[in-house]
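A short write-up of the structure that comes next.
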Amino acid sequence: MFSDYFYYPFLIGTIFLFVVVIGRFVKWFMGLSKIDKIRVRIGLFSMKTLQSVWESVREGLLHHNIFKTNKMLGYMHMSLAFGWFLLIVVGHIETSCYHGSMFFPFQHSIFFRYYVTEPTDFPGHAFFNYAMEILLFFVLSGVMLAYFKRFRSKTFGMKRTTRMRYGDRIGLTALWLIFPVRFLCETFTAGVYHNGSPIFNGIGDAFASVGDLNPWLNPLWLTYSVVLGVFFVAMPFTRYMHIPAEINLIFLRNWGVTLKERRVNTFTLAEVYSCSRCGICIDACQLNLAGIKNSQSVYVLKNIRNKNLTDEVLFNCLLCGKCQEACPVGIDVNKLRITQRIETTKQYNSSYDYLKTGKTRQADIVYFAGCMTHLTPSIKQSMLKILDHAGENYWFMDENKAPCCGRPLMLAGQYDAAQKLIDTNTKMILESGAKRLLVNCPICYKVFKEDYQLPGVEVLHHSEYILDLVKQGRLDVNPSDLRAVYHDPCELGRGSHIYEQPRELLNTALTLVPMAREREKALCCGGSLANTKISMAERDVLAGKAMEEFATYAPDLVVTSCPLCKKTFAKVDSLPVKDLAEVVAGAVERKV
Amino acid sequence: MKNIVIIGGGIAGVETACALAEGGNHVTIIERDDKLGGKLNQWYCLFPDFKKSTQVLDYIKNRIKNFDIELKLKSTVEKVEPNGDGYFIHTGNVRYAADAVVLAVGYDLFDATRKEELGYKIYDNVFTQADIEAKFRSGDLNTTFGKAPERIAIVHCVGSRDEKCHNMYCSKVCCVTGVKQAIEIAKFLPKTEIFCFYMDLRMYDKHFEELYRSAQEHHNIQFIRGRVSEVSATPDQRLSIKTEDTLSGRPMKMKLDMIILLAGMEAKKNTRQVARLFDVETEESGFLRSQDFHLGAGILSRKGIFAAGACISPMSIKETIENARSTAMQVNQYLKTL
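These protein sequence lines map, in sequence, to chains A and B.
FYI, our numbering numbers position 100 of the first sequence as 100, with every residue one higher than the one before it.
FYI, our numbering numbers position 49 of the second sequence as 1049, with every residue one higher than the one before it.
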């Protein structure tokens, strides 16, 4: 009889899914670097594993991070994931109670109502009946929201939702069908055998009043088994692979695996497959304002996975980090992009003959202005004034000639070339014997902090350094009654987590007006060196929109702490824009 | 007799006014400043023949005396109302009826502080061509430290043909202005070395090319093809520039005593406002949009509103005067149809 084998599609799907997923996990692990493998081995038997279990529950089932961004979207994911999880767990317990044993054919727990149609009275029977039905309603509410979101994403407060591929449509259709079909299976069965709670029995009776339900039962249960099977088979090839992959990622990340080596390895895949394509990153992206709609992180991850990533998409990104901040899965998109850029970019055979180490000078502190500061000389002058004022024994390393810090090359994927500059600069800095390296450009700051090996040298952003001077009483700042907004540069804020020092410093010189979008949520000026595809006109749109937003706070001036942000905003020509070095240097001057 | 109101009393405004008054119209000029002549008042002499700018100003002043033109100085337009086929123009407490209006609001020199890397108003001895004209008029070409400059750089295309400043167009008169100023300086300070840094030199009008040739042949002025990327100060109170000699393909640095930035011509900051007031269209660059590039440079998108001079596009004094006369003719043709 066919009905005895109706669960085979489900069984095949499940086995297939497990084989593929486990196979992938093994492949990803094998492809990790040696150090990362050691990290996994050490991490496996540490508290980090427990921590990962908790995080998996919190993010994989409850979707806490999505809740933080969008309540409706969070509920949708939670009801589907957590609801389904509970259906499996509670269903299993129910079946164990029915059998009075932990061991039973496992299809019994999945298709419980199909098998148990006779009146029974195992312990907790009524409770399980109610619980399972309420859980099914819970999941169905999520499915309804999913239907709704697909057609009316604006209801979710989302301006855009992700575009889908063909395979995704199969997976999505199967997923959308699973729970409504299960609902029909159980209510129809209840209509015939009254094996549910009064709720489902009632609904079943209502269906029965329309016609005979008996001939429908077997086809319905078979359909249920088929949609489950189809979903499981489709899962590894669709975005739903994110369900197991995210759990895997949580563990690997907690064990300390990262993309730090800046070379593509299988950890990239572990991250790529963890993307659920929820679309939160799309709305976080400012490029939308300039009409750029195909290079957001979700599309890059998708393209990497489908092996059709183009430079047009990969390089059309400011690497501002706004999407990374918003990503509920915590995928390290910026590093991932840089790694991809290094991988796809031709390493040009340029000449670096000019990198002969110049004269070094013994000093307590090395000041490295960087290219962007040389293009904004009023910042440079302010920095020199402050250094002179503090009576510092400093060496202005790139006053006449010095290589670039290397970060722009790094962002462009020119890793080897960047390394040449890094080596030259490192040698010069170490030879100076200085204990501190002062930079006022966040782009330089990030690369000096993260990619240079400078033992015994503290890298300071000028916001940290000048604040120290003020705190030590080496610099008297004369307060003014100007009102200013502070713009967090991407590389300093989201990139290096320096938010408080600039604010504390500026508060000594003027009044800072808080803004709705600042710190982690700060806008990008649009000038970022990381984007090599954006047009000047598109950059202007981003800068203009940001300045419009600043203007709503009616400040006397906009203060930032990045020469590139300053230059980009100054072009808009609506509000005066200054670097915090200029603000402080101006306030110091007044008193003298 | 028809009434015509001209907005702006620079060269374009006055020449249009005179040409229209000559045809028997009643003309009013509304000028924001307290005198006529506009930007030309700041200039010392003109290319390509080194005619003193005062000679052009005198011509304007003498010409206007021949007509009964009403001057409303130190005034700006506050409101524009339609009035039958014409308009009412409100300024201060006065209301002028106008059968036609000519906008001759002129241009602004590009604010060189917007290219911070060139150090204008940050370092001493970085000037614009307008500052140098003022220096010519005062007869003092010394640096701020009171010394005669030994070496001067003239930087072309500052704020013109520069996507980074939103200005894609060529201001066209700066090339020859640079050559003219270089020769003037060379005549005044024969020992000074003068370098012009250019992208390409657009010697488009009569005698310009000859002037450029003469600068090289007779005045030893050196032309280097390359954009200046940054200016900095040296410890010995001089200036240093970084650039690339793109003909030899080599990056170069140079120490200097003075830098002259040839700032481009931009639409005035308030041209868009004026355009809104009169409900006429502007280009993306901010200049007023002509109805037809070839056939009607002075005709704007609204009936009875015309334009003359550098509010349409960058132009030289010669072209401004020609353009003013041409616009006056178009206004006359229009008035006949009323």
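Backbone N, C-alpha and C fix where the C-beta goes; we use that ideal spot for every residue, glycine too.
Just so you know, these numbers come straight off a predicted model, no measurement behind them.
Following the continuous alpha helix (DSSP H) through residue 493/A, name the residue where it begins and the one where it ends.
Here residue 493/A refers to the residue found at position 493 when the first sequence is read from its first residue. Neither: residue 493/A is in no alpha helix (DSSP H) and is coded neither H nor E.
Please check if any C-beta of chain B sits within less than 9 Å of the C-beta of residue 489/A.
Within the first sequence, numbered from 1, the residue matching residue 489/A stands at position 489. No, residue 489/A does not count as interfacial toward chain B.
Between residue 242/A and residue 311/A, what straight-line distance do the alpha-carbon atoms span, to the nearest angstrom?
Translated into the one-based positions of the first sequence, residue 242/A becomes position 242. Translated into the one-based positions of the first sequence, residue 311/A becomes position 311. Those two C-alpha atoms are separated by around 25 Å.
Starting from residue 1253/B, trace the beta strand (DSSP E) both ways and give me its first and last residue.
The residue given as residue 1253/B occupies position 253 in the second sequence. It spans 1250 to 1256 - the beta strand (DSSP E) in which residue 1253/B sits, taken as one unbroken run.
Name the chain B residues that come within less than 8 Å of residue 378/A, Cβ to Cβ?
Position 378 of the first sequence holds residue 378/A. Within chain B, the residues near residue 378/A are 1116 and 1122.
Shortest alpha-carbon distance to residue 468/A belongs to which of 448/A, 449/A, 491/A and 508/A?
Along the first sequence, one-based indexing puts residue 468/A at 468. Selected option, being the one with the closest Cα: 508/A.
Work out the CA separation of residue 1248/B and residue 1194/B for me, nearest whole Å.
Start at 1 with the first residue of the second sequence, and residue 1194/B comes out as number 194. Start at 1 with the first residue of the second sequence, and residue 1248/B comes out as number 248. Rounded to whole angstroms, residue 1194/B to residue 1248/B spans 19 Å at the Cα level.
So which residues of chain B does residue 374/A contact, with C-beta pairs closer than 9 Å?
Numbered from its first residue, the first sequence carries residue 374/A at position 374. The answer, in chain order, is 1117, 1229, 1230, 1232 and 1242.
Tell me, please, whether the stretch 128 to 135 of chain A touches the stretch 87 to 98 of chain A by the rule of three or more beta-carbon pairs shorter than 8 Å.
yes
DSSP state of residue 65/A, grouped into three classes?
By 1-based counting over the first sequence, the position of residue 65/A is 65. Helix at residue 65/A.
So that I know if they touch, is there some Cβ in chain A lying closer than 9 Å to that of residue 1165/B?
Here residue 1165/B is taken as the residue at index 165 of the second sequence, counted from 1. Judged by the 9 Å Cβ criterion, residue 1165/B is in contact with chain A.
Measure the alpha-carbon distance for residue 609/A versus residue 404/A and round it to whole angstroms.
This structure does not reach residue 609/A, given that chain A is present from 1 up to 592, and the question cannot be answered.
Do the stretch 1214 to 1229 of chain B and the stretch 1092 to 1101 of chain B meet, that is, are 3 or more Cβ pairs less than 8 Å apart?
no
Closest to residue 215/A by C-alpha separation, out of 189/A, 24/A and 49/A, would be which residue?
The sequence position of residue 215/A within the first sequence is 215, counting from 1. Taking only the C-alpha atoms, the option nearest residue 215/A is 189/A.
Near residue 1034/B, what residues of its chain come up, given a Cβ to Cβ distance below 7 Å and the 5 sequence neighbours on each side ignored?
By 1-based counting over the second sequence, the position of residue 1034/B is 34. Same-chain partners within the cutoff: 1073 and 1074.
Within 10 Å of its beta-carbon, does residue 596/A have 16 or more other beta-carbons around it, so buried, or fewer, so exposed?
Not covered by the structure: residue 596/A. The range shown for chain A is 1 to 592.
Comparing the C-beta of residue 578/A with each C-beta of chain B, is any distance below 9 Å?
Locating residue 578/A in the first sequence gives position 578, counting from the first residue. It does not; no Cβ of chain B falls within 9 Å.
Quick check: the stretch 366 to 384 of chain A against the stretch 1109 to 1117 of chain B, are there 3 or more CB pairs under 8 Å?
yes
Tell me, please, whether the stretch 1278 to 1293 of chain B touches the stretch 567 to 578 of chain A by the rule of three or more beta-carbon pairs shorter than 8 Å.
Result no; under three Cβ-Cβ pairs closer than 8 Å.
By the DSSP assignment, the beta strand (DSSP E) with residue 1196/B in it spans what residues?
Here residue 1196/B is taken as the residue at index 196 of the second sequence, counted from 1. First-last of the beta strand (DSSP E) with residue 1196/B: 1193 to 1198.
Evaluate contact between the stretch 494 to 505 of chain A and the stretch 526 to 535 of chain A, counting only Cβ atoms and requiring at least three cross-stretch pairs below 8 Å.
No, the stretch 494 to 505 of chain A is not in contact with the stretch 526 to 535 of chain A.
Please confirm whether residue 381/A has its beta-carbon closer than 9 Å to some beta-carbon of chain B.
As a working mapping, residue 381/A is identified with position 381 in the first sequence. Yes, contact with chain B.
How would you write the range of the alpha helix (DSSP H) that residue 107/A sits in, first residue to last?
Translated into the one-based positions of the first sequence, residue 107/A becomes position 107. Taken as a continuous stretch (DSSP letters only), the alpha helix (DSSP H) holding residue 107/A covers 107 to 110.
What's the C-alpha gap between residue 1/A and residue 197/A?
Looking up residue 1/A in the first sequence gives position 1. Looking up residue 197/A in the first sequence gives position 197. The predicted model places residue 1/A with a pLDDT of 38, which falls under 50 and marks its position as unreliable, so this point remains unresolved.
When the cut-off is 9 Å and only beta carbons count, does residue 570/A lie next to chain B?
Counting from 1 along the first sequence, the entry for residue 570/A is found at position 570. Residue 570/A counts as touching chain B.
Can you find a C-beta in chain B that's less than 9 Å from the C-beta of residue 567/A?
Here residue 567/A refers to the residue found at position 567 when the first sequence is read from its first residue. It does; some Cβ of chain B falls within 9 Å.
By the three-class DSSP mapping on this structure, what secondary structure does residue 278/A have?
As a working mapping, residue 278/A is identified with position 278 in the first sequence. Coil, per DSSP.
Tell me whether residue 395/A sits in a helix, a strand or coil according to DSSP, three-state version.
As a working mapping, residue 395/A is identified with position 395 in the first sequence. Strand.
When DSSP labels each residue in this structure, what does residue 550/A get in the three-state scheme?
Residue numbering aside, residue 550/A sits at position 550 when the first sequence is read from its first letter. Helix at residue 550/A.
Residue ranges of each beta strand (DSSP E) run of no fewer than 3 residues wholly in the stretch 1223 to 1304 of chain B, ordered along the chain?
1228 to 1233, 1239 to 1245, 1250 to 1256, 1258 to 1263 and 1265 to 1267
Do you know offhand how far residue 386/A's Cα is from residue 452/A's?
Your numbering for residue 386/A matches position 386 in the first sequence. Your numbering for residue 452/A matches position 452 in the first sequence. Roughly 26 Å between the two C-alpha positions.
Specify, as a first and last residue, the run of the alpha helix (DSSP H) that residue 424/A falls within.
Translated into positions along the first sequence, residue 424/A becomes position 424. Where residue 424/A is concerned, the enclosing alpha helix (DSSP H) stretches over 415 to 432.
Tell me whether the beta-carbon of residue 621/A lies closer than 9 Å to the beta-carbon of residue 318/A.
The first residue shown for chain A is 1 and the last is 592, placing residue 621/A beyond what the model contains.
Check residue 484/A in the structure and name its three-state DSSP category.
Here the question's residue 484/A lines up with position 484 in the first sequence. Reduced to three states, the DSSP call for residue 484/A is strand.
Just to confirm, is the Cβ distance from residue 407/A to residue 443/A under 9 Å?
As a position in the first sequence, residue 407/A is number 407, starting the count at 1. As a position in the first sequence, residue 443/A is number 443, starting the count at 1. A contact, by the Cβ cut-off of 9 Å.
Quick check: is the beta carbon of residue 536/A nearer than 9 Å to any beta carbon in chain B?
Translated into positions along the first sequence, residue 536/A becomes position 536. The beta carbon of residue 536/A sits closer than 9 Å to some beta carbon of chain B.
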